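One structure is given here, and the rest of the page talks about it.
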Amino acid sequence: MNLQTEISSNKRADGAGGRLLDKVAVITGAASGIGKEIALSFAREGAKVVIADLDQTAAEKAAFEIDPMGKRALGVGMDVSSEEQVESGMAKAIEVFGRLDILVSNAGVQIVAPIVEFEFAKWRKLLSIHLDGAFLTTRAALRQMYSQNSGCIIYMGSVHSKEASPLKAPYVTAKHGLVGLAKVVAKEGAAHGVRANVICPGFVLTPLVEKQIPEQARELGISEADVIKTMMLKETVDGEFTTVQDVAEAALFLAAFPSNALTGQSMVVSHGWFMQ
Ligand code: NAD
Numbered sequence: 098m099n100l101q102t103e104i105s106s107n108k109r110a111d112g113a114g115g116r117l118l119d120k121v122a123v124i125t126g127a128a129s130g131i132g133k134e135i136a137l138s139f140a141r142e143g144a145k146v147v148i149a150d151l152d153q154t155a156a157e158k159a160a161f162e163i164d165p166m167g168k169r170a171l172g173v174g175m176d177v178s179s180e181e182q183v184e185s186g187m188a189k190a191i192e193v194f195g196r197l198d199i200l201v202s203n204a205g206v207q208i209v210a211p212i213v214e215f216e217f218a219k220w221r222k223l224l225s226i227h228l229d230g231a232f233l234t235t236r237a238a239l240r241q242m243y244s245q246n247s248g249c250i251i252y253m254g255s256v257h258s259k260e261a262s263p264l265k266a267p268y269v270t271a272k273h274g275l276v277g278l279a280k281v282v283a284k285e286g287a288a289h290g291v292r293a294n295v296i297c298p299g300f301v302l303t304p305l306v307e308k309q310i311p312e313q314a315r316e317l318g319i320s321e322a323d324v325i326k327t328m329m330l331k332e333t334v335d336g337e338f339t340t341v342q343d344v345a346e347a348a349l350f351l352a353a354f355p356s357n358a359l360t361g362q363s364m365v366v367s368h369g370w371f372m373q
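If you use the working numbering, the sequence shown corresponds to residues 98 to 373, in order.
Structure below.
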């Protein structure tokens with residue numbers, strides 16, 4: 098069964114499907130990597146998905162792959178660090194699909210350098226994408242979710258929401274910050290039927306990480322193989338990368354969870370790296 102058939106029939110080859118039937122999900126940074134896989138897996142489960150990304154062409158292409166008719170998938174150009182673009186992009190999503198059930202705040206970048214050499218502009222750029230982006234999309238989503246008295250927000254944290262690594266000061270700071278934001282949204286949102294949680298993946302081979310490996314090797318004067326072995330996979334139980342499918346499965350679990358029992362939490366998906 099191909100993706101189109103699966104989506105249109107809301108059935109998967111394994112008999113699952115329909116766990117998010119007619120839910121509307123906005124996923125930021127969904128033109129690539131983890132976000133794209135989450136959009137595909139939500140669509141397979143019957144959701145209508147909005148792919149919001151800085152790269153509008155890639156967002157529209159990803160939406161077309163899911164539904165060429167444009168009835169169940171929409172690509173939107175959105176810089177999550179821009180208040181104006183978030184407001185207009187979220188308004189468009191709600192206007193097209195009529196409601197909003199799930200926000201996955203996922204857009205992110207990585208910039209590596211030792212703290213003493215970190216340019217202030219780059220520090221601010223990273224924080225504005227990860228933290229301003231999470232705040233702005235959350236605020237716009239909550240207005241709609243409160244009016245529906247239901248909703249689910251998922252933040253894409255990282256093992257770096259729990260642990261530190263050298264060269265990643267703003268990234269580690271931002272990812273820890275998302276845990277705090279999720280807890281506040283869980284407390285404020287409960288009275289309005291809104292849950293909020295964080296997924297904390299280990300290393301996943303996406304463009305974000307593929308770019309980072311040679312940069313870290315250069316900064317540390319070690320080989321790329323050693324970056325992977327000693328910095329990325331050393332703490333895992335089996336030396337394996339996490340996959341986009343692993344993270345999408347966690348997102349699906351959180352999105353489809355039926356009650357307020359699971360809110361304000363961080364779910365680490367990392368092959369055992371960082372055991373809580
Ligand atoms: P990716 O580079 O494949 O995808 C990131 C997407 O975000 C891209 O499509 C990019 O265009 C978009 N984006 C960047 N800046 C944006 C902005 N200002 N506004 C809107 N969209 C923007 O990376 P990925 O690995 O899939 O990362 C997705 C998220 O997962 C990030 O928040 C990242 O920190 C997090 N994460 C990744 C890993 C990993 O190992 N890859 C591990 C843990 C957490």
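Where is the CB? At the ideal position from N, CA and C, for every residue including glycine. Note that the coordinates shown come from a computational prediction; the quantities given were computed from them, not determined experimentally.
Practice task
Counting only the same chain and skipping the five closest in sequence on each side, list residues whose C-beta sits under 7 Å from that of glycine 50.
Solution key: Outside the displayed range of the chain (98 to 373) lies residue 50, so it cannot be described from this structure.
Exercise for the section: In the DSSP assignment, find the unbroken alpha helix (DSSP H) run with aspartate 150 in it and report its ends. Expected result: Counting along the chain, aspartate 150 falls outside any alpha helix (DSSP H), though it belongs to the beta strand (DSSP E) covering 145-150.
Practice task
Could you name the residues of the same chain whose beta carbon sits closer than 7 Å to that of proline 311, not counting the 5 residues immediately before and after it, in chain order?
Solution key: Glu321
Exercise for the section: With DSSP collapsed to three states, give me the class of methionine 166. Expected result: coil
Handout entry: Environment of leucine 151 [buried if 16+ CB atoms lie within 10 Å]
Key = buried
Problem - Rounded C-alpha distance that separates leucine 137 from glycine 195 - result: Taking the straight line joining both Cα atoms gives about 20 Å.
Practice task
Could you tell me the boundaries of the alpha helix (DSSP H) in which alanine 122 lies?
Solution key: Premise fails: alanine 122 lies in the beta strand (DSSP E), 121-125, not in any alpha helix (DSSP H).
Exercise for the section: Give a single yes or no on whether methionine 328 has its beta carbon closer than 6 Å to a heavy atom of the ligand NAD. Expected result: no
Practice task
Check whether the Cβ atoms of threonine 121 and leucine 197 lie closer than 7 Å to each other.
Solution key: First, the amino acid is wrong: residue 121 is valine here, not threonine. The criterion of a C-beta distance shorter than 7 Å is satisfied by valine 121 and leucine 197.
Problem - Proximity of tyrosine 252 and alanine 237 at Cβ, strictly below 7 Å - result: Going by C-beta atoms, tyrosine 252 is not nearer than 7 Å to alanine 237.
Exercise for the section: Could you tell me if the beta carbon of aspartate 229 falls within a distance shorter than 6 Å of some heavy atom in the ligand NAD? Expected result: no
Exercise for the section: Provide the residue span of the beta strand (DSSP E) that contains glycine 195, from first to last. Expected result: It is not in any beta strand (DSSP E) - glycine 195 carries neither H nor E in the DSSP assignment.
Practice task
Determine the direct distance from the alpha carbon of glutamate 260 to that of phenylalanine 161, and round the result to whole angstroms.
Solution key: 38 Å
Exercise for the section: Reducing DSSP to helix, strand and coil, say where serine 363 ends up. Expected result: strand
Handout entry: Environment of glycine 318 [buried if 16+ CB atoms lie within 10 Å]
Key = exposed
Practice task
Would you mind reading off the limits of the alpha helix (DSSP H) that contains isoleucine 131?
Solution key: 130-141
Problem - glutamine 373 to histidine 257 span [Cα, whole Å] - result: 13 Å
Problem - Beta-carbon gap between asparagine 246 and glycine 132 smaller than 7 Å - result: no
Exercise for the section: Using only the heavy atoms of the ligand NAD, determine whether one of them is closer than 6 Å to the beta carbon of proline 311. Expected result: No, Cβ of proline 311 sits at least 6 Å from all heavy atoms of the ligand NAD.
Handout entry: beta-carbon glycine 130 near the ligand NAD non-hydrogen atom, thresh 6 Å
Key = yes
Exercise for the section: State the DSSP-derived secondary structure class of leucine 330, mapped to helix, strand or coil. Expected result: coil
Problem - DSSP bridge partner residues for methionine 253 (one or two, in chain order) - result: Ile296
Handout entry: alanine 156 beta carbon less than 7 Å from that of aspartate 164
Key = Contact annotation: aspartate 164 and alanine 156 have beta-carbon atoms that are not nearer than 7 Å.
Problem - Cβ distance (whole Å) where valine 334 is taken to contact histidine 368 below 8 Å - result: 6 Å
Practice task
Determine contact between the region 171-191 and the region 215-232, defined as no fewer than three beta-carbon pairs at a distance below 8 Å.
Solution key: Verdict: yes, contact present.
Exercise for the section: Taking only heavy atoms of the ligand FMN into account, decide whether any of them is closer than 6 Å to the Cβ of glycine 205. Expected result: The model on display carries the ligand NAD but not the ligand FMN.
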